[in-house]
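S.K.: After the structure tokens below, expect a handful of questions from me.
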Amino acid sequence: MREQQMSNLQGKVSREIRGHIFLIGLDRADKRNAFDSHMIHDLSLALTEYENNPELRCAVVFAHGDHFTAGLDLVELQPKLADGVFNFSDDIVNPWGTVGRQRTKPLVTAVQGYCYTAGIELMLNSDIVVANENTQFTQIEVQRGILPFGGATVRFVQAAGWAKAMKYVLTGDLFYAQTAYEMNLVTEVVEDNQQLTRAIELAERIANAAPLAVQAALHSAHQAFLQSPEVAFANLQNLLSPLLASEDAQEGVRAMIERRAPQFKGK
């Protein structure tokens with residue numbers, strides 16, 4: 001009985017396929033979706049499933065319950081941090097994108113309630129973020145004796161700028177959805193808990209576009225962001241040439257001439 005109770009408390013993620021969209025839900029609501037090692041592992045597996053399935057064109061990460069995540073479950077994780085619980089092999093997608101296999105397909109994240117520490121870093125590693133108006137954020141690691149190690153020291157600064165980012169990275173102070181929007185941490189702020197509905201709408205728009213073109217555009221943006229604009233500029237033609245020869249490019253032209261919605265196949 002005790003083993004069953006412990007298993008029920010372990011974090012996991014839900015999975016649902018809707019057409020070309022993959023919904024991934026943080027599913028530890030009784031613990032405010034705090035990340036334990038089990039939920040971290042299951043999230044990485046779900047994102048790897050998404051990457052490996054050619055029929056899936058966009059993923060949405062959301063959370064069951066009232067809160068996106070209260071951050072890391074340090075009681076469970078602290079003994080494991082020194083062993084590299086955030087180290088990922090080259091075969092498994094790292095949800096935080098710091099090491100290991102990198103995601104190549106688009107990701108939309110929907111947040112609400114608490115979005116603390118690793119939750120901020122998770123959304124910063126996605127491409128579009130929709131926040132409910134009640135969302136509150138804190139990068140509180142320095143108040144727990146550690147530093148943000150899921151990407152905030154880089155991505156928070158890149159998004160918000162040095163002065164604004166340091167105010168929160170170095171203090172752990174709370175901030176809210178409107179401030180997150182003003183600092184370019186989230187894409188949109190919505191009312192009435194419509195964050196998942198809006199995230200799915202955006203994912204559907206992405207999934208209706210040509211998947212090879214979407215992935216190439218994302219790859220180019222990642223090159224500029226993670227390497228340099230010069231690297232991205234130099235590689236544009238290499239990304240464009242195979243697209244020009246694709247069936248989807250021909251379909252895009254035909255659809256334009258025939259004044260209809262294109263039907264892309266990812267070929």
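With the UniProt record's numbering, the residue at position 251 of the sequence shown is 251, and numbering never jumps.
We put the CB at the ideal spot given by N, CA and C, even for glycine.
#1: Leu236 to Glu76, Cα distance in whole Å?
#2: Nearer than 7 Å: is that true of the beta carbon of Ala213 relative to any heavy atom of the ligand FAD?
#3: Taking the Cβ atom as the reference point for each residue, do Ala203 and Val108 lie within a distance shorter than 8 Å?
#4: If we ignore side chains and look at the alpha-carbon of each, how far apart do Ile257 and Glu133 end up?
#5: How about Ala207 and Phe137: are their beta carbons less than 8 Å apart?
#6: Taking the alpha helix (DSSP H) that Ile257 belongs to, which residues open and close that run?
#7: Determine, using beta carbons only, whether Val130 and Ala199 come nearer to each other than 8 Å.
#8: Here's a check: name, in chain order, each residue in its chain whose Cβ is nearer than 6 Å to the Cβ of Val157, leaving out the five neighbours to either side.
#9: What does a CB cutoff of less than 6 Å around Tyr116 pick up in its chain, not counting 5 residues either side in sequence?
#10: Name the DSSP beta bridge partners of Leu23, please?
#11: Taking its Cβ as the centre, do 16 or more other Cβ atoms sit within 10 Å of Arg2, making it buried, or is it exposed?
#12: At a cut of 8 Å, does the stretch 229-248 reach the stretch 37-57 through at least three beta carbon pairs?
#13: Measure the C-alpha to C-alpha separation of Glu247 and Ala213 and round it to an integer number of angstroms.
#14: Verify whether the separation of the beta carbon atoms of Arg103 and Leu124 is less than 8 Å.
#15: Leaving aside the five residues before and after Val142 along the sequence, list all residues of the same chain whose C-beta is less than 6 Å from its C-beta, in chain order.
#16: With a CB to CB cut of under 8 Å and the five nearest residues on each side skipped, what residues in its chain are close to Leu122?
#17: Less than 8 Å between the CB atoms is what I'm expecting for Ser14 and Asp27, so what's the real figure, rounded?
#18: Round the Cβ separation of Gln195 and Val253 to the nearest angstrom and send it over; I've been treating them as touching at under 8 Å.
#19: Compute the distance between the beta-carbons of His51 and Lys105, then report whether it is under 8 Å.
#20: Just mark Gly11 as buried or exposed, buried being the case when its beta carbon has 16 or more other beta carbons within 10 Å.
#21: Helix, strand or coil for Gln4 per DSSP?
#22: Along the chain, where does the alpha helix (DSSP H) that runs through Ala48 open and close?
#23: Spatial neighbours of Phe22 within its chain, please: C-beta separation below 6 Å, excluding the five flanking residues on both sides.
M.R.: Judging by the given coordinates:
#1: Residue 236 sits at position 236 when you count from the first residue of the sequence shown. Residue 76 sits at position 76 when you count from the first residue of the sequence shown. Roughly 45 Å separates the two Cα atoms.
#2: Summarising the ligand content, the structure contains no ligands, and the ligand FAD is consequently not present.
#3: Position 203 of the sequence shown, counted from the first residue, corresponds to residue 203. Position 108 of the sequence shown, counted from the first residue, corresponds to residue 108. Yes; because the gap between Cβ atoms is below 8 Å, this pair is in contact.
#4: Along the sequence shown, one-based indexing puts residue 257 at 257. Along the sequence shown, one-based indexing puts residue 133 at 133. The alpha-carbon atoms of Ile257 and Glu133 are separated by roughly 42 Å.
#5: Here residue 207 is taken as the residue at index 207 of the sequence shown, counted from 1. Here residue 137 is taken as the residue at index 137 of the sequence shown, counted from 1. Taking 8 Å as the Cβ cut-off, Ala207 and Phe137 do not qualify as a contacting pair.
#6: Here residue 257 is taken as the residue at index 257 of the sequence shown, counted from 1. Unbroken alpha helix (DSSP H) run through Ile257: Glu247 to Glu258.
#7: For the purposes of this step, residue 130 is taken as residue 130 along the sequence shown, with counting starting at 1. For the purposes of this step, residue 199 is taken as residue 199 along the sequence shown, with counting starting at 1. For Val130 and Ala199, yes; Cβs fall inside 8 Å.
#8: Residue 157 sits at position 157 when you count from the first residue of the sequence shown. These residues qualify, in order along the chain: Ala165.
#9: By 1-based counting over the sequence shown, the position of residue 116 is 116. Excluding positions up to five away in sequence, the list reads Ala70, Gly71 and Thr138.
#10: One-based indexing of the sequence shown puts residue 23 at position 23. Beta-bridge pairing links Leu23 to Glu16 and Val60.
#11: To locate residue 2, count along the sequence shown from 1; it is residue 2. Unreliable placement is indicated for Arg2, whose pLDDT of 35 sits below 50; the coordinate value is still reported in the next sentence. Under this definition Arg2 is an exposed residue.
#12: no
#13: As a first step, residue 247 must be located in the sequence shown, where it is residue number 247. As a first step, residue 213 must be located in the sequence shown, where it is residue number 213. Approximately 11 Å between the Cα atoms of the pair.
#14: Locating residue 103 in the sequence shown gives position 103, where the first residue counts as 1. Locating residue 124 in the sequence shown gives position 124, where the first residue counts as 1. For Arg103 and Leu124, no; Cβs fall outside 8 Å.
#15: The residue labelled residue 142 in the question sits at position 142 within the sequence shown. Only Gly172 meet the Cβ criterion.
#16: Taking the sequence shown and counting its residues from 1, one reaches residue 122 at position 122. The answer, listed in chain order, is Val61, Thr69, Pro95, Trp96, Thr109 and Gly150.
#17: Position 14 of the sequence shown, counted from the start, is the residue given in the question as residue 14. Position 27 of the sequence shown, counted from the start, is the residue given in the question as residue 27. 5 Å between Cβ atoms; contact.
#18: In the sequence shown, the residue the question calls residue 195 occupies position 195. In the sequence shown, the residue the question calls residue 253 occupies position 253. Rounded, the Cβ-Cβ distance is 36 Å, inconsistent with contact.
#19: As a working mapping, residue 51 is identified with position 51 in the sequence shown. As a working mapping, residue 105 is identified with position 105 in the sequence shown. Going by the sequence as given, residue 51 is Glu instead of His. Contact: yes.
#20: Within the sequence shown, numbered from 1, the residue matching residue 11 stands at position 11. Label assigned to Gly11: buried.
#21: Position 4 of the sequence shown holds residue 4. Unreliable placement is indicated for Gln4, whose pLDDT of 34 sits below 50; the coordinate value is still reported in the next sentence. In the structure shown, Gln4 sits in a helix (DSSP, three-state: H, G or I).
#22: What you label residue 48 is simply residue 48 of the sequence shown in a count that begins at 1. The question names Ala, but residue 48 in the sequence shown is Thr. Here the alpha helix (DSSP H) through Thr48 covers Ser37 to Asn52.
#23: Position 22 of the sequence shown, counted from the first residue, corresponds to residue 22. If we look at Phe22 and ignore the five residues flanking it on each side, its Cβ neighbours are Tyr50, Leu56 and Ala59.
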